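Note sheet for the following structure.
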Amino acid sequence: MELVADRITKQYKNKIAVDRMSFTLTKGVTGLLGANGAGKTTLMRLLCGILVPDSGTVSCDGMSVGTEEYRDILGYLPQDFGYYPEFSGKDFLLYMSAVKGLTKKDAMRKTKELIELVGLEDAAGKKVRTYSGGMKQRLGIAQALLNDPKILIMDEPTAGLDPQERIRFRELIANIGQERIVLLSTHIVSDLEHIADRLMIMKDGQLLWNGSRSAGGEDLEVFYISVIDEKR
Amino acid sequence: MDNDRIIKYLKEVCQTPEPENKEVFFQRLEERGLTSGRPVVINHGDFLLRQFPYIGKWIWLLSSFLLLFIIGICYGNTGNYPFALTPLLAIGILIETRRSFRWKMAELEHSARFSLRSVMLARMFLVGAVETAGLLIVILLVQPWFSYSVIRISLYMLVPYLTASLVGSVYERNNRSDNAWGSVIICILSSAFFAAAPYYLSIMYEERFTIIWMVAFILLVLSLGISVRRWICDMEGPVWSL
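Protein chains in written order, with our numbering: chain Z, 2 to 233; chain X, 59 to 300.
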């Protein structure tokens with residue numbers, strides 16, 4: 002299974018957010034590193050079909066990014082997401098199950114499983130507006146997994162999680178990444194140190210580095226800074 | 059010591075519960091990922107029905123209130139201006155289309171199998187279908203109180219409703235702010251226009267001009283279809299500007 006981005010470009014008025022990026026993602030966890038404004042979110046939106054590239058293509062095993070089939074195997078956690086005000090955590094997951102096309106029976110089963118997995122059992126019936134930042138983020142992670150995605154794209158997934166939750170999240174992603182394409186964006190290098198198989202480093206809309214995590218050496222932070230500095 | 063106790067207590071209270079069936083979940087996930095093809099998915103008809111409970115309750119309350127109000131006004135008055143109340147029905151449908159953006163659900167919906175386009179179309183269709191059905195029932199109920207035929211009353215009620223829907227849809231397509239006051243004002247202005255029409259354009263309500271109402275009705279239906287199509291095809295901008 003391969004997710005192929007071929008010379009994708011996205012420009013906004015006077016800024017090129019993603020500049021002719023080409024890469025192939027395979028099974029495993031890929032970490033996308035870059036400072037704020039590097040173009041990570043735009044790239045993720047392009048990979049999810051939320052934005053249409055000005056040029057270039059995105060496809061997975063021949064399925065184009067804009068198709069229902071592609072979205073069917075996609076799980077996405079945006080950097081910031083909302084919820085309808087009347088929703089409890091459980092309602093939110095049931096609603097997302099419907100939009101993802103799950104049958105009622107599957108929706109109930111998956112919702113129950115995922116609520117337990119992300120530790121929201123006690124809060125499942127409570128309104129999402131009463132959730133803390135970490136709880137809301139865990140709910141977001143749960144919705145991304147509802148359709149057993151083959152491609153999982155998460156934009157700053159550890160934002161708002163406490164240290165213990167971060168550790169659990171890494172464990173979860175490491176497990177999921179064994180058989181799936183997982184792309185995580187972050188500007189916190191330590192988030193990727195133990196779970197990423199590959200790394201992509203972005204700056205000003207360009208891909209500065211793309212390769213194995215092990216090539217980055219022991220200290221990923223030092224490696225990241227050296228790559229950024231090298232291209233200055 | 060006290061501090062230690064407080065910290066221990068806080069840890070116990072704030073700790074995220076450890077999932078008990080985590081291993082079973084991963085095993086299932088792995089099995090399904092390795093062995094099965096695409097999961098069973100619902101069809102568009104099922105999706106449409108599943109959207110029904112997610113439409114804001116206040117939309118149904120507002121629509122029911124307006125339809126009852128139209129009946130009440132028609133009962134007391136047999137002039138032409140009660141027909142001008144129907145543009146207010148379009149407020150519900152126009153505001154409902156903003157829901158995903160207002161509550162920041164658009165990006166999540168856009169990446170799901172039934173994308174934002176399907177969600178918006180489903181909501182527009184459901185609210186529009188229920189309101190139109192309600193309006194047709196109202197037309198049948200109030201018709202005996204007027205000297206007009208059912209067709210003429212239908213045209214006099216549907217043309218203002220479609221006019222507000224069309225102008226509102228064009229406005230919504232080009233204006234993506236968070237609040238919906240623009241659409242509300244458009245519906246109120248449309249209502250005011252058609253309320254005033256019997257006074258300065260009373261001739262239009264004569265039988266010989268029914269054909270003009272018919273042409274207007276057909277043009278409005280076609281234009282509304284085109285406008286909604288354009289609106290749905292241009293989802294990229296609003297999602298980005300979240």
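In this text, a Cβ means the ideal position worked out from N, Cα and C, and glycines have one as well. Given the structure is predicted, the values throughout are model-derived calculations rather than measurements.
Leucine 259 (chain X) burial status per 10 Å Cβ neighbour count (16 or more: buried): Residue numbering aside, residue 259 (chain X) sits at position 201 when the second sequence is read from its first letter. With fewer than 16 Cβ atoms within 10 Å of its Cβ, leucine 259 (chain X) is classed as exposed.
Closer than 9 Å to chain B by CB, methionine 155 (chain Z): Among the protein chains of the structure shown, namely Z and X, there is no chain B.
Within chain Z, the residues that tryptophan 161 (chain X) reaches when beta carbons sit closer than 8 Å: For this step, residue 161 (chain X) is matched to residue 103 along the second sequence. Chain Z residues near tryptophan 161 (chain X): Gly83, Tyr84, Tyr85 and Pro86.
7 Å CB neighbourhood of glycine 226 (chain X) in its chain, flanking five on each side removed: Here residue 226 (chain X) is taken as the residue at index 168 of the second sequence, counted from 1. Excluding sequence neighbours, glycine 226 (chain X) sits near Ala148, Leu152, Ser241, Ile244 and Cys245.
Contacts of glutamate 154 (chain X) in chain Z (Cβ-Cβ under 7 Å): For the purposes of this step, residue 154 (chain X) is taken as residue 96 along the second sequence, with counting starting at 1. Simply none; closest approach about 12 Å.
Valine 53 (chain Z), buried or exposed, once every other Cβ within 10 Å from all chains shown has been counted against 16: Locating residue 53 (chain Z) in the first sequence gives position 52, where the first residue counts as 1. With fewer than 16 Cβ atoms within 10 Å of its Cβ, valine 53 (chain Z) is classed as exposed.
Close Cβ partners of aspartate 7 (chain Z) (< 6 Å) along its chain, the five nearest in sequence each way excluded: Taking the first residue of the first sequence as 1, we reach residue 7 (chain Z) at position 6. Hits under 6 Å: Ser23, Gly57 and Thr58.
Sub-9 Å separation of proline 218 (chain X) and proline 145 (chain X) beta-carbons: Stepping through the second sequence from its first residue, residue 218 (chain X) is reached at position 160. Stepping through the second sequence from its first residue, residue 145 (chain X) is reached at position 87. Yes. Within cutoff.
Beta-carbon spacing of methionine 45 (chain Z), aspartate 205 (chain Z) below 9 Å: Position 44 of the first sequence, counted from the start, is the residue given in the question as residue 45 (chain Z). Position 204 of the first sequence, counted from the start, is the residue given in the question as residue 205 (chain Z). Going by C-beta atoms, methionine 45 (chain Z) is not nearer than 9 Å to aspartate 205 (chain Z).
Alpha carbon of methionine 197 (chain Z) to alpha carbon of phenylalanine 170 (chain Z), nearest angstrom: As a working mapping, residue 197 (chain Z) is identified with position 196 in the first sequence. As a working mapping, residue 170 (chain Z) is identified with position 169 in the first sequence. Methionine is not the amino acid found at residue 197 (chain Z); the sequence shown has alanine there. Taking the straight line from one Cα to the other gives about 13 Å.
Run of the beta strand (DSSP E) containing lysine 16 (chain Z), from where it starts to where it stops: Looking up residue 16 (chain Z) in the first sequence gives position 15. Segment 16 to 26, the beta strand (DSSP E) holding lysine 16 (chain Z).
Isoleucine 100 (chain X): contacting residues in chain Z (beta-carbon distance under 8 Å): Here residue 100 (chain X) is taken as the residue at index 42 of the second sequence, counted from 1. Within 8 Å Cβ-Cβ: Ala99, Gly102, Leu103 and Thr104.
Where the beta strand (DSSP E) containing asparagine 211 (chain Z) begins and where it ends: Here the question's residue 211 (chain Z) lines up with position 210 in the first sequence. Looking at the DSSP string, the run of the beta strand (DSSP E) that includes asparagine 211 (chain Z) is 207 to 213.
Closer than 9 Å to chain Z by CB, serine 212 (chain X): Taking the first residue of the second sequence as 1, we reach residue 212 (chain X) at position 154. So no, serine 212 (chain X) is outside the interface.
Cα-Cα separation between threonine 10 (chain Z) and isoleucine 17 (chain Z), rounded to whole angstroms: Here residue 10 (chain Z) refers to the residue found at position 9 of the first sequence. Here residue 17 (chain Z) refers to the residue found at position 16 of the first sequence. Going from the Cα of threonine 10 (chain Z) to the Cα of isoleucine 17 (chain Z) covers about 8 Å.
Assigned secondary structure, methionine 136 (chain Z) (DSSP; H/G/I helix, E/B strand, else coil): On the first sequence, position 135 is the one that residue 136 (chain Z) refers to. Methionine 136 (chain Z): helix per DSSP, three-state reduction.
Buried versus exposed call for glutamine 165 (chain Z) [16 or more other C-beta atoms within 10 Å across all chains shown]: Taking the first residue of the first sequence as 1, we reach residue 165 (chain Z) at position 164. Exposed, since its Cβ has fewer than 16 Cβ neighbours within 10 Å.
Any chain X beta carbon closer than 9 Å to proline 79 (chain Z): As a working note, residue 79 (chain Z) is residue 78 in the first sequence. Proline 79 (chain Z) counts as touching chain X.
Beta strand (DSSP E) segment containing tyrosine 77 (chain Z), residue limits: Indexing the first sequence from 1 puts residue 77 (chain Z) at position 76. Counting along the chain, the beta strand (DSSP E) containing tyrosine 77 (chain Z) begins and ends at 75 to 78.
Top-ranked residue by Cα proximity to aspartate 292 (chain X), from X:Ser249, X:Ile276, X:Glu230 and X:Met182: Taking the first residue of the second sequence as 1, we reach residue 292 (chain X) at position 234. That would be X:Glu230, whose Cα lies nearest to the Cα of aspartate 292 (chain X).
Reduced DSSP secondary structure (H/G/I, E/B, other) of glycine 50 (chain Z): As a first step, residue 50 (chain Z) must be located in the first sequence, where it is residue number 49. The answer is coil: DSSP assigns glycine 50 (chain Z) none of H, G, I, E or B.
Backbone secondary structure at aspartate 230 (chain Z) - three-state DSSP: Walking along the first sequence from the start, residue 230 (chain Z) turns up at place 229. Reduced to three states, the DSSP call for aspartate 230 (chain Z) is helix.
The stretch 213 to 233 of chain Z in contact with the stretch 57 to 74 of chain Z per 3-pair CB rule at 8 Å: no
Exposure label - tryptophan 289 (chain X); buried when at least 16 CB within 10 Å: Taking the first residue of the second sequence as 1, we reach residue 289 (chain X) at position 231. When all chains shown are included, tryptophan 289 (chain X) counts as buried.
Ranges of the beta strand (DSSP E) found wholly within the stretch 105 to 193 of chain X, counting only runs of at least 3: none
Cβ pair leucine 193 (chain Z), leucine 221 (chain Z) closer than 9 Å: Counted from its first residue, the first sequence places residue 193 (chain Z) at position 192. Counted from its first residue, the first sequence places residue 221 (chain Z) at position 220. Closer than 9 Å, so yes.
Beta-carbon neighbours of arginine 72 (chain Z), restricted to chain X and to distances below 7 Å: Translated into positions along the first sequence, residue 72 (chain Z) becomes position 71. Under the 7 Å cutoff, chain X gives Ser169, Ala170, Arg171 and Ser173.
Under 9 Å by beta carbon: chain Z residues contacting phenylalanine 105 (chain X): Taking the second sequence and counting its residues from 1, one reaches residue 105 (chain X) at position 47. The answer, in chain order, is Ala99, Val100 and Gly102.
Residues near methionine 178 (chain X) by beta carbon distance below 6 Å, same chain, minus five either side: On the second sequence, position 120 is the one that residue 178 (chain X) refers to. Cβ within range, chain order: Thr155.
Cut-off 7 Å between Cβ atoms - residues of its own chain near leucine 162 (chain Z), not counting five sequence neighbours on either side: Indexing the first sequence from 1 puts residue 162 (chain Z) at position 161. Correct list, in chain order: Gly135, Gln138 and Phe170.
Contacts that tyrosine 133 (chain X) makes with chain Z (C-beta to C-beta distance below 9 Å): The residue given as residue 133 (chain X) occupies position 75 in the second sequence. What tyrosine 133 (chain X) touches in chain Z: nothing, since even the nearest Cβ is about 35 Å away.
Neighbouring residues, chain Z, relative to valine 177 (chain X) (Cβ below 9 Å): Stepping through the second sequence from its first residue, residue 177 (chain X) is reached at position 119. Per Cβ cutoff of 9 Å: Val100.
Sequence-distant residues of its chain with Cβ nearer than 8 Å to leucine 121 (chain Z) (five each side left out): The sequence position of residue 121 (chain Z) within the first sequence is 120, counting from 1. Contacts found: Gly90, Met136, Arg139, Leu140 and Ala143.
Inside the stretch 58 to 97 of chain Z only - alpha helix (DSSP H) runs reaching at least 4 residues: 69 to 73
Contact check, valine 100 (chain Z) vs leucine 166 (chain X), beta carbons under 9 Å: Reading the first sequence from its first residue, position 99 is the one you call residue 100 (chain Z). Reading the second sequence from its first residue, position 108 is the one you call residue 166 (chain X). Their beta carbons are under 9 Å apart, which means valine 100 (chain Z) touches leucine 166 (chain X) by this criterion.
Cα-Cα separation between isoleucine 129 (chain X) and valine 273 (chain X), rounded to whole angstroms: As a position in the second sequence, residue 129 (chain X) is number 71, starting the count at 1. As a position in the second sequence, residue 273 (chain X) is number 215, starting the count at 1. Straight-line Cα distance between these residues: approximately 26 Å.
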